[in-house]
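Structure, as structure tokens:
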Amino acid sequence: MEMTMGPGGRPPEGEARGEGKNFIQHLIDADLAAGNYDRVQTRFPPEPNGYLHIGHAKSICLNFGLAVANGGACNLRFDDTNPTKEEQEFVDSIMEDVAWLGFQWDNLHFASDYFGDLYRLAEKLIEIGKAYVCDLSAEEIREYRGTLTEPGRESPYRYRDPEENLDLFRRMKAGEFPDGSRVLRAKIDMASPNLNLRDPVLYRIQKSRHHRTGDDWCIYPMYDYAHPLSDALEGVTHSICTMEFEDHRPLYDWCISSLDMPVKSRQIEFARLNITYTVLSKRKLKLLVEEGHVNGWDDPRLPTLSGIRRRGYPAAAIRAFCESIGVAKANSTVDIAQLEFFVRDHLNYHTPRAMAVMDPLKVTITNYPEGQVEMMQVVNNPENKEAGSRPVPFSRDILIEKSDFMEFPSKKFHRLSPGAEIRLQNAYYIRCEDYRKDENGEVVELFCTYDPKTRGGWSEDGRRVKGTAHWLSAPHAFRGEVRLYDRLFVAENPDETPEGGHFLDGLNPASMEKVAAYLEPSLLEAKVGDAFQFLRQGYFVADRDGQPGRPVFNRIVSLKDSFKKKG
RNA sequence: AGGGGUGUAGCCAAGAGGUAAGGCAACGGUCUUUGGAAUCGUCAUUCGUUGGUUCGAAUCCAGCCACCCCUGCCA
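For the first sequence, our numbering begins at 35 and goes up steadily by one.
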């Protein structure tokens with residue numbers, strides 16, 4: 035850990051070689067060096083039509099990260115140009131999610147704030163003969179557009195003169211025409227091999243109420259028109275988006291140059307995030323929620339930021355993960371194990387330990403005085419001395435995990451078995467002297483003896499013991515619900531469905547298991563959002579479904595287990 | 001088929017004519033009061049492929065192959 039670091043936490047020699055920079059930063063460096071811009075400004079531009087997921091987190095970290103790295107600014111701008119799909123509920127959740135991730139936007143904007151400017155710019159486009167009102171129906175426009183291999187045909191309205199276009203456009207705005215009857219189109223090139231350039235629609239008539247502008251407008255700008263101009267109006271220098279917009283870049287540039295916008299924003303595309311064993315498309319997530327395969331948008335199994343948050347993934351871990359995966363243009367699917375690594379990495383240091391028994395086996399310490407209770411002082415986090423310690427009661431009646439005992443142990447099993455001795459962590463060494471079975475032949479109780487000279491879990495004679503188990507004093511333990519979450523899909527790539535299949539076929543039927551667990555007394559005080567490492571089992575967070583005296587814990591992620599894999 | 005992209009290890013990903021970074025995963029060793037953590041080590045004679053240029057190519061050139069995106073009045 036003690037290596038020389040340069041400013042920014044990177045090895046200085048790496049800094050000198052330009053390592054640690056993604057291709058976008060290289061482009062920014064070149065832009066700055068060439069004098070194309072004298073500052074850097076980015077933006078995160080979600081459409082408020084749904085919940086953010088971890089794919090958005092990559093974009094958020096990228097945009098805000100680039101702004102910080104270059105001493106620039108990053109805005110949060112809602113791309114709310116389609117009133118039929120957008121709602122205030124989503125803008126609220128998006129702001130909450132971005133803030134939770136740990137970023138503060140320099141300015142908050144809405145594309146709808148620019149509707150007036152955008153309208154005036156459209157009139158200008160008409161005046162200079164670069165846009166026209168087209169009366170073709172949606173279906174006709176599609177037919178006229180041509181195909182991938184055949185050029186399109188020009189609209190019969192393409193050469194209307196500017197005065198008529200202006201008049202028509204104003205009347206569109208005034209609400210004189212019904213929805214779908216006319217659109218404003220850019221006059222570019224119907225024969226372009228890039229379909230986005232075949233006179234794209236700039237404005238459509240849509241008489242629906244907008245969540246922010248109400249009924250002020252009945253014409254709304256399209257993304258391809260509103261986005262570049264909003265960027266330019268706002269002063270964005272580098273407009274970062276995902277690969278599917280690469281074909282739109284010529285149109286993006288066309289808008290900015292045709293209107294001679296003072297700021298020449300530059301669009302740069304990168305590949306969106308995919309993760310194994312989950313889906314990251316809005317459509318599929320919506321289906322999972324609406325069909326009830328999960329319980330709402332913040333279901334802890336979902337990759338939504340609200341789901342991840344409830345699951346107990348720390349924001350810092352998400353940021354570290356996004357940093358680690360890099361930024362490139364190649365399609366890729368990151369192994370979910372990489373995400374889980376950063377979650378464990380963060381939680382290991384930041385989370386106090388506690389003891390919980392999921393599947394109890396009764397242990398009676400036969401030589402321990404009946405009625406006696408000792409308070410054992412237990413370290414909260416061996417990784418962090420400042421986390422302190424807590425008292426945990428110990429008594430004659432103990433609970434351990436069933437899986438910590440084997441009647442006929444395998445060679446590598448070094449937990450409890452007849453005659454074997456193990457350590458109860460922070461308490462005593464115990465030896466299994468006998469056990470009792472029920473009528474089904476299942477072991478239901480262990481009779482052990484303890485060594486009074488091993489208090490705290492240390493043996494004075496230097497005698498070593500191979501296994502260490504977690505435990506609970508039966509009379510002091512209380513019950514709580516534990517939800518054992520696992521990956522949502524058993525299919526590694528749920529998006530790649532076999533022919534005739536559906537992505538839902540890949541769902542994991544056991545993605546959540548509810549367990550009535552026994553918990554140590556200190557856990558009674560856990561507040562919603564408090565995270566713990568349940569010793570030897572995994573990381574858990576108190577869920578909002580808990581009741582006073584009856585908490586609910588979500589398993590965030592299990593601990594790595596090299597034993598199971600070998601067995 | 002026309003256009004736009006992308007191919008470096010099981011998964012991400014650096015690399016920019018000088019002899020393949022790093023992380024995840026995996027596998028060994030050490031250590032350990034969590035079968036966790038920590039720690040040490042192993043893991044690409046080769047960069048989709050075939051040719052070419054060069055003293056020298058993952059980097060430059062040409063061809064081929066594979067995959068992704070584009071025919072919303074969605075974003």
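We put the CB at the ideal spot given by N, CA and C, even for glycine. Keep in mind the model is a prediction, meaning the values are calculated, not measured.
In terms of DSSP beta bridges, what is residue i paired with?
| i | result |
| --- | --- |
| TYR166 | ARG219 |
| PHE481 | THR398, ASP468 |
| MET409 | PRO427 |
| LYS548 | ARG517 |
| CYS108 | THR76 |
| ARG205 | Paired residues: none, contrary to the question. |
| PHE137 | PHE137 pairs with nothing; no bridge assigned. |
Measuring CA to CA, which of the options is closest to residue i?
| i | options | result |
| --- | --- | --- |
| GLY572 | ASN382, GLY422, VAL477, SER429 | ASN382 |
| TRP331 | PRO555, ILE128, SER592 | ILE128 |
| SER444 | PHE597, LEU395, ALA390, GLN459 | PHE597 |
| HIS87 | LYS241, ASN474, ARG584, VAL313 | VAL313 |
| GLU197 | LYS164, SER189, VAL125, GLU184 | LYS164 |
| TRP251 | ASP281, THR310, TYR237 | TYR237 |
| TYR178 | ALA544, MET224, ASN141, LEU541 | MET224 |
| GLY405 | ASP379, PRO509, LEU336 | PRO509 |
| ASP333 | GLN59, LEU518, LYS396, MET206 | LEU518 |
| ASP281 | LEU593, HIS272, PRO227 | PRO227 |
| ARG344 | LYS318, PRO117, ASP131 | ASP131 |
| SER366 | ARG497, ALA156, ASN308, ALA67 | ASN308 |
| ASP278 | LEU522, PRO486, LYS363, ARG216 | A quick correction: the sequence has Glu, not Asp, at residue 278. The shortest C-alpha separation from GLU278 is found at LYS363. |
| GLU417 | MET256, GLN567, ALA544, PRO255 | GLN567 |
| VAL524 | VAL74, TYR311, LEU293 | TYR311 |
| VAL591 | PRO348, PHE428, VAL328 | PRO348 |
| GLY269 | ARG497, PRO296, ILE432 | PRO296 |
| LEU135 | ASP195, VAL217, ASP595, GLY341 | GLY341 |
| GLN459 | LEU569, ARG584, LEU339 | LEU569 |
Please state the DSSP three-state secondary structure of residue i.
| i | result |
| --- | --- |
| PHE442 | coil |
| ASN230 | helix |
| CYS289 | helix |
| GLY42 | Annotation note: pLDDT 27 at GLY42 (below 50); position unreliable, no value reported. |
| GLU526 | coil |
| GLY490 | helix |
| ALA511 | coil |
| PRO334 | coil |
| SER596 | helix |
| LEU458 | strand |
| PRO416 | coil |
| SER299 | coil |
| TYR463 | strand |
| TYR237 | strand |
| GLU559 | helix |
| GLY341 | helix |
| GLY48 | Its pLDDT being 34, under 50, GLY48 is placed unreliably by the model, and the measurement read from it follows with that caveat. Correct three-state label for GLY48: helix. |
| PHE574 | strand |
| GLN372 | helix |
| MET35 | With a pLDDT of 24 at MET35, under the threshold of 50, the predicted position of this residue should be treated as unreliable, and no value is reported. |
| ARG498 | coil |
| LEU61 | helix |
| CYS275 | strand |
| LEU433 | strand |
| GLY601 | Bear in mind that a pLDDT of 40 at GLY601, under 50, signals an unreliable position, so the number given afterwards is only what the model happens to contain. Three-state result, GLY601: coil. |
| ALA172 | helix |
| HIS448 | coil |
| TYR347 | coil |
Please look up how many angstroms separate the CB atoms of residue i and residue j, rounded, as I've assumed it's under 8 angstroms.
| i | j | result |
| --- | --- | --- |
| LEU506 | TYR552 | 5 angstroms |
| ILE160 | LEU200 | 5 angstroms |
| GLY186 | ARG232 | 5 angstroms |
| PHE124 | VAL167 | Rounded, the Cβ-Cβ distance is 32 angstroms, inconsistent with contact. |
| ASN116 | ILE62 | Actually they are not in contact, since the Cβ atoms of ASN116 and ILE62 sit about 31 angstroms apart, beyond 8 angstroms. |
| LEU100 | VAL74 | 7 angstroms |
CB of residue i to nearest heavy atom of the ligand ATP: below 7 angstroms?
| i | result |
| --- | --- |
| CYS252 | Of the ligands one can find in the structure shown there are none, so the ligand ATP has no counterpart to examine. |
Is the segment 166–175 in contact with the segment 303–314, if contact means three or more CB pairs nearer than 8 angstroms? no
Three CB pairs or more closer than 8 angstroms across the segment 251–266 and the segment 144–154: yes
Does the structure place the segment 102–112 close enough to the segment 74–81 that three or more beta carbon pairs sit under 8 angstroms? yes
Inter-stretch contact at 8 angstroms, needing at least 3 Cβ pairs: the segment 409–426 / the segment 554–565: yes
Count the C-beta pairs between the segment 468–483 and the segment 530–546 that are closer than 8 angstroms, then say yes if the count reaches three, no if not. no
Just checking, does the segment 82–101 make contact with the segment 207–216 on the three C-beta pairs under 8 angstroms criterion? no
Any 3 or more C-beta pairs closer than 8 angstroms across the segment 573–591 and the segment 397–413: no
Does the count of Cβ pairs from the segment 370–382 and the segment 339–355 closer than 8 angstroms reach three? yes
Evaluate contact between the segment 242–251 and the segment 132–149, counting only Cβ atoms and requiring at least three cross-stretch pairs below 8 angstroms. yes
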